[in-house]
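A short worksheet on the structure shown next.
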Amino acid sequence: MSQSSNPNLAWADRFVNELAACGLRAVCIAPGSRSTPLTLAFSRQPDINVYLQHDERSASFFALGLALATARPVALVCTSGTAAAEFHAAVIEAYQSQVPLLVLTADRPHEVRYSGANQTIDQVKMYGDHVLWSFDMALPANDAPALVLRSVQTMAARAYATANGLVKGPVHLNFPFRPPLEPAAPPLPTIEPLSRPAVRMTQGRMVPTAEQVNAIAAVVEQYERGLILCGPHCPGGAFPQALAALATATGYPILADPLSGVRFGVAVETGLVCGGYESYLRGGHAPWATPDIVIRFGAVPTSKWLNSYLTNHPPQHLIHIRDNGIWADDLHLVTDFVQADAAATCQALVEQLPARGGSAWTEAILSVESTSQQIVQQYCEEHFFDGAIVRAVVEALPAGTRLMIGNSLPVRHLDQFGQPDSRSLRIFGNRGASGIDGITSTALGIAAAGADPLVLITGDITFYHDMNGLLAIRQHNLRNVTIVLLNNDGGSIFRRLPVAKFEPPFTPLFLTPHGLDFRHVAQLYGIAYSKADDAAAFGDAIAHNMNGDQATIIEVQTDGETDLHHQQSLAQQIIERIMP
Numbered sequence: 013m014s015q016s017s018n019p020n021l022a023w024a025d026r027f028v029n030e031l032a033a034c035g036l037r038a039v040c041i042a043p044g045s046r047s048t049p050l051t052l053a054f055s056r057q058p059d060i061n062v063y064l065q066h067d068e069r070s071a072s073f074f075a076l077g078l079a080l081a082t083a084r085p086v087a088l089v090c091t092s093g094t095a096a097a098e099f100h101a102a103v104i105e106a107y108q109s110q111v112p113l114l115v116l117t118a119d120r121p122h123e124v125r126y127s128g129a130n131q132t133i134d135q136v137k138m139y140g141d142h143v144l145w146s147f148d149m150a151l152p153a154n155d156a157p158a159l160v161l162r163s164v165q166t167m168a169a170r171a172y173a174t175a176n177g178l179v180k181g182p183v184h185l186n187f188p189f190r191p192p193l194e195p196a197a198p199p200l201p202t203i204e205p206l207s208r209p210a211v212r213m214t215q216g217r218m219v220p221t222a223e224q225v226n227a228i229a230a231v232v233e234q235y236e237r238g239l240i241l242c243g244p245h246c247p248g249g250a251f252p253q254a255l256a257a258l259a260t261a262t263g264y265p266i267l268a269d270p271l272s273g274v275r276f277g278v279a280v281e282t283g284l285v286c287g288g289y290e291s292y293l294r295g296g297h298a299p300w301a302t303p304d305i306v307i308r309f310g311a312v313p314t315s316k317w318l319n320s321y322l323t324n325h326p327p328q329h330l331i332h333i334r335d336n337g338i339w340a341d342d343l344h345l346v347t348d349f350v351q352a353d354a355a356a357t358c359q360a361l362v363e364q365l366p367a368r369g370g371s372a373w374t375e376a377i378l379s380v381e382s383t384s385q386q387i388v389q390q391y392c393e394e395h396f397f398d399g400a401i402v403r404a405v406v407e408a409l410p411a412g413t414r415l416m417i418g419n420s421l422p423v424r425h426l427d428q429f430g431q432p433d434s435r436s437l438r439i440f441g442n443r444g445a446s447g448i449d450g451i452t453s454t455a456l457g458i459a460a461a462g463a464d465p466l467v468l469i470t471g472d473i474t475f476y477h478d479m480n481g482l483l484a485i486r487q488h489n490l491r492n493v494t495i496v497l498l499n500n501d502g503g504s505i506f507r508r509l510p511v512a513k514f515e516p517p518f519t520p521l522f523l524t525p526h527g528l529d530f531r532h533v534a535q536l537y538g539i540a541y542s543k544a545d546d547a548a549a550f551g552d553a554i555a556h557n558m559n560g561d562q563a564t565i566i567e568v569q570t571d572g573e574t575d576l577h578h579q580q581s582l583a584q585q586i587i588e589r590i591m592p
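In our numbering, each residue carries its 1-based index in the sequence shown increased by 12.
Below, the structure is given as structure tokens:
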């Protein structure tokens, strides 16, 4: 059946079919009327999985999680008005973290814009500089020229290619639709095939030139005192193995952020991966000399003390290697920026560099790392606090598990207490803009992307921010989810800041205790619930869930002041042991 009588449906079909041909496999839809043509088109496209989310903010972060887990674009659909504004926080996170999203907002036709018409706002370029590309689509019409019809397909292909390019991120296409928005009568017509072949897209690699490799190798050969620093968002694929080979060839220790993809996995087998630096670089100083060279991959590290260390002990050479060309240099220490494929660059350097044996520099750093990890392990076995809980979670995860770590304190606990391990674990976190909104929905999007277990470690305020996202567990039958809820009754991260000395207003305006019992949240959404009051109970709960098939919240009531005391006491023990 032809849809020529309703151009909205025909154009939406053409657009969605092209996206499917490009490789789109998932769309998150928030229900609404103006977006009906897009919703119907996606619902009838067999190659695209449709995920319904009742509210736009949850939908957008759920899509972010899907895109993070699959490393491919995911589409978002909403109706006109403030619905589109609800996407904005996730769009910012996607832009900052280079996550590919196709943001498709429905809009009113041009003649009612700026007229006071209902549910009509200015949606053109509404996400500003937080998208890679934004475009206001033409209004569908039966008498549109062939060029305009072809553009519907090419805009779909261009949007997909832009989102999934060398620099990945969100793109925004705004779709004005004039009624009628649906077919004249049931049943829905069959989806029409593309009127011309889909655009074929291929993507190459930024292979380093011989000149680039020779220049880096010449510097590396000069110095034994070097470090390899891996921040968040390092590449996957062949990179960890190539990095391991580079570390072995240079003898340089790897300081690996928990979100780098390096702290857990094959690179650890080199014996050169360090993860305890948040404890032993306190004050920004270390019991070893200043490095001559630092080779950096990925984004800015999570660790405050690692950044302070680099500030206080700047290397002569800081070489930042990143294929997407995005600078991550908040300390302004980069001396050489190399835009090239990270894995290929590591491999080329290994071929160029002569083998270097062990050095006193490397042995000193690895000795400090080993001592620190031993102290942390013993301390965590003797005390039950947030850091020990996070360490216990990581130790309990089977290979292949996906871990989503919340912002604020949880990610800092993982940085300090997550010991490097050769098990392959996929660690996710929203560190682009580092907000606490949408963390649960992001985690559930990750869970929906595969069958491997998904564990979320989150704080109570972060959990409160996104409780409505929990509905996705039932909607999408997500049975592989364990939520570890660290409930310290407020924003305990503020205890680490100078404002904590000012009481009042510290407690009512910064700590903000809430007294919520999250057991009722589990009941509302039909999620299994348990509460752990000590290490033994928590260990049993997390072990049970790793072998279970039911989504569960494990709540641990902790005390923020006690947790801060343990964190400071542990750091002091380590510093006293390692500093000369």
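The beta-carbon is built from N, C-alpha and C at its ideal position, and this holds for glycine as well.
Under three-state DSSP, which class holds residue i?
i, result
"HIS297", "coil"
"ILE495", "strand"
"ILE590", "helix"
"ALA158", "helix"
"THR574", "helix"
"SER127", "coil"
"ASP25", "helix"
"PRO326", "coil"
"SER16", "Reliability fails at SER16, whose pLDDT of 49 lies under 50, so the model's placement of it is uncertain and the value that follows must be treated cautiously. Of the three classes helix, strand and coil, the one that applies to SER16 here is coil, per DSSP."
"SER146", "strand"
"LEU483", "helix"
"ILE104", "helix"
"ILE458", "helix"
"ASP433", "strand"
"PHE187", "strand"
"ALA3", "Residue 3 falls outside the range modelled here, since the chain spans only 13 to 592, and no answer is possible."
"ALA95", "helix"
"ASP119", "strand"
"ASN489", "coil"
"SER581", "helix"
"TYR292", "helix"
"ALA211", "According to the sequence displayed, residue 211 carries Val and not Ala. Correct three-state label for VAL211: coil."
Out of the options, which one is the CA nearest neighbour of residue i?
i, options, result
"GLU407", "GLN328, GLY370, MET558 and ASP269", "MET558"
"CYS358", "GLU375, ILE333, ARG368 and ALA367", "ILE333"
"VAL124", "THR570, GLU98, HIS100 and SER92", "SER92"
"PHE187", "TYR126, SER127, LEU116 and ASP155", "LEU116"
"ASN492", "PRO303, LEU466 and ARG486", "LEU466"
"GLY481", "SER17, SER55, ARG37 and GLU68", "GLU68"
"GLN135", "ASP141, ALA118 and GLY128", "ALA118"
"ILE307", "CYS246, GLU281 and ARG190", "CYS246"
"ILE305", "ASP501, ALA230 and LYS180", "ALA230"
"ASP464", "LEU437, ILE448, THR470 and ASP478", "LEU437"
"SER434", "GLY277, ALA544, ALA81 and ALA38", "GLY277"
"LEU365", "GLN165, VAL232, LEU239 and PHE440", "VAL232"
"THR262", "ALA540, TYR235 and GLY551", "TYR235"
"SER272", "LEU151, THR374 and ALA354", "ALA354"
"GLY412", "VAL362, PRO152 and ALA81", "ALA81"
Going by DSSP, which residues form a beta bridge with residue i?
i, result
"LEU453", "Reading off the sequence shown, one finds Ser at residue 453, where the question assumed Leu. Beta-bridge pairing links SER453 to no other residue."
"GLY238", "ILE305"
"PHE530", "None, per the DSSP bridge assignment."
"ARG438", "ARG414"
"VAL86", "LEU113"
"TYR63", "CYS40"
"PRO182", "LEU113"
"VAL268", "Before going further, note that residue 268 is Ala rather than Val in the sequence given. Its beta-bridge partners are CYS242."
"ILE331", "ILE307 and ASP348"
I want to check one thing, is the minimum distance from the CB of residue i to the heavy atoms of the ligand ATP below 8 Å?
i, result
"ASN176", "With respect to the ligand ATP, the structure offers nothing, as it holds no ligand at all."
Would you mind reading off the limits of the beta strand (DSSP E) that contains residue i?
i, result
"TYR541", "540–544"
"GLN364", "Premise fails: GLN364 lies in the alpha helix (DSSP H), 354–364, not in any beta strand (DSSP E)."
"GLU567", "564–569"
"PRO422", "Counting along the chain, PRO422 falls outside any beta strand (DSSP E), though it belongs to the alpha helix (DSSP H) covering 421–429."
"THR470", "466–471"
Give the range of the alpha helix (DSSP H) segment to which residue i is assigned.
i, result
"VAL280", "No alpha helix (DSSP H) contains VAL280, which DSSP labels as neither H nor E."
"PHE349", "Note, PHE349: premise wrong, no alpha helix (DSSP H); beta strand (DSSP E) at 348–350."
"GLN385", "372–394"
"ASN226", "222–232"
"GLY177", "Note, GLY177: premise wrong, no alpha helix (DSSP H); not H, not E."
"GLY551", "547–558"
"LEU50", "48–55"
"LEU258", "251–262"
Any beta-carbon of chain B closer than 9 Å to the one on residue i?
i, result
"HIS578", "Considering every chain present, this structure includes no chain B. It has just one protein chain."
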